[in-house]
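The structure appears below as structure tokens.
Protein chains: 2
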Amino acid sequence: MDVSTITIIGLVAATCTTISFAPQAIKIIKTKHTKDLSLAMYLILTMGIFLWLVYGILIKNLPIIIANTITLLFSSTILILKIKYK
Amino acid sequence: MDVSTITIIGLVAATCTTISFAPQAIKIIKTKHTKDLSLAMYLILTMGIFLWLVYGILIKNLPIIIANTITLLFSSTILILKIKYK
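Chains L and S supply the protein sequences, listed in that same order.
Quick note on numbering: the first sequence equals residues -8 to 77 in our numbering.
Quick note on numbering: the second sequence equals residues -8 to 77 in our numbering.
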């Protein structure tokens, strides 16, 4: 497989894992229900994504910075809503 | 900051985002409730993690392969339980 095809697979992967949290955030905004969501998951996940962002800044890697900035936005929104509608 | 400190930050980040899904899977197994979880999120996320794994295999990057194999296990478990307990 040539390099550009592999790069496209990586980009599609990054896009999927980045935008996947949007439907969850939208669902909570609509229903205001978060009972079935794990608080521990969103605490650990948000901290992990924040550390990925710090890592990306430290190694000056733009794709890591961009992907994790967007994911951090969604993840922290879900976390705040989980705490708010607990 | 020296390289080993930066690497540790990256490893902690990867560990957090990998294990974060475990508490959600455990919560569902205990409660059998998934109503508040977004099906679209886990469909897109699981596909994205699968593509990350394919990407890791193609570029022969062991950390990407290991992290995404574990995350895929958790994510697909949550997806299957979401469909089962819909």
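Even glycine gets a Cβ: it sits at the ideal position worked out from N, Cα and C.
Predicted model only: the values in this text are computed from it and were never measured.
query	result
Are there three or more Cβ pairs, one per stretch, closer than 8 Å when the region 37 to 54 of chain L is compared with the region 54 to 67 of chain S?	no
8 Å is my cut-off, CB to CB: does residue 8 of chain S come that close to chain L?	yes
Output, in sequence order along the chain, the residues in the region 7 to 29 of chain L whose CB is closer than 9 Å to any CB in chain S.	7, 8, 9, 10, 11, 12, 13, 14, 15, 16, 17, 18, 19, 22, 24, 25, 26, 27, 28 and 29
According to DSSP, is residue 10 of chain S part of a helix, a strand, or is it coil?	helix
Nearest-angstrom Cα distance between residue 12 of chain L and residue 65 of chain S?	16 Å
Nearest by alpha-carbon distance to residue 70 of chain S: which of S:-7, S:9, S:31 and S:51 is it?	S:31
For residue 95 of chain L, decide whether its Cβ has a neighbour in chain S, counting only Cβ atoms nearer than 8 Å.	Residue 95 of chain L cannot be examined here, being either before or after the span of chain L that is shown, -8 to 77.
Express the C-alpha separation of residue 50 of chain S and residue 2 of chain S in angstroms, rounding to a whole number.	19 Å
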